[in-house]
Amino acid sequence: MQHPSGFYFDIQIESYEGFLAYNDLLHFEMIETAGLELPTVEILFTTSDSKVKDMIKEANIFRIIMGQDKSNYDIFQVQILERDVKVLQIGSYSCYIKGFIGDKRFLMDKIQMSISSNPIEGMIEVCNTF
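Just so we're aligned: the sequence shown equals residues 1 to 130 in the numbering used here.
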């Protein structure tokens, strides 16, 4: 889905994508915290595609695609923790998904150390490497 401002956002379940229209996305939240905790994601959208509501299962691969445009984007694979699909009316569904991004980009892949005797200087030294 291409936002009028140019931002690109889409979701993919297994290999199925392109079902999300601009007004279908009701809520999207990505929370990143310091430490070894992976980012969590909450997404709420509506759809009239019954295939989508049937595919929202913990075992299926769920991806969030977002970026500046269709040629410049990142893909984040989400492990589904919670899901809820409700019938709004005949042929219309509300889909809620909560999960975490199990992506190595969010894990520590290198350790930074400082031998400074002052903790503040050590923190500044480590932070300056990023």
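Every residue, glycine too, gets a C-beta built ideally from N, C-alpha and C. On a predicted model such as this, the values are computed, not experimentally measured, just so you know.
Opposing strand residues paired with residue i [DSSP bridges]
i, result
"Lys86", "Ser94"
"Asn72", "Asp69"
"Glu29", "Glu42"
"Ile120", "DSSP, once it has assigned bridges, lists no residue as partnering Ile120."
Reduced DSSP secondary structure (H/G/I, E/B, other) of residue i
i, result
"Asp54", "helix"
"Ile43", "strand"
"Asp49", "coil"
"Ile101", "strand"
"Glu125", "helix"
"Ile61", "coil"
"Leu81", "strand"
Short Cβ contact (8 Å threshold) for residue i with residue j
i, j, result
"His27", "Leu44", "yes"
"Lys98", "Leu81", "yes"
"Ile56", "Gln77", "no"
"Ile120", "Ile65", "no"
"Tyr96", "Thr47", "no"
"Gly67", "Tyr8", "yes"
"Ile75", "Glu14", "no"
"Tyr16", "Lys51", "yes"
"Glu32", "Glu42", "no"
Bounding residues of the beta strand (DSSP E) (the contiguous stretch that carries residue i)
i, result
"Ile11", "8-13"
"Phe19", "Taken as a continuous stretch (DSSP letters only), Phe19 belongs to no beta strand (DSSP E), as it is neither H nor E."
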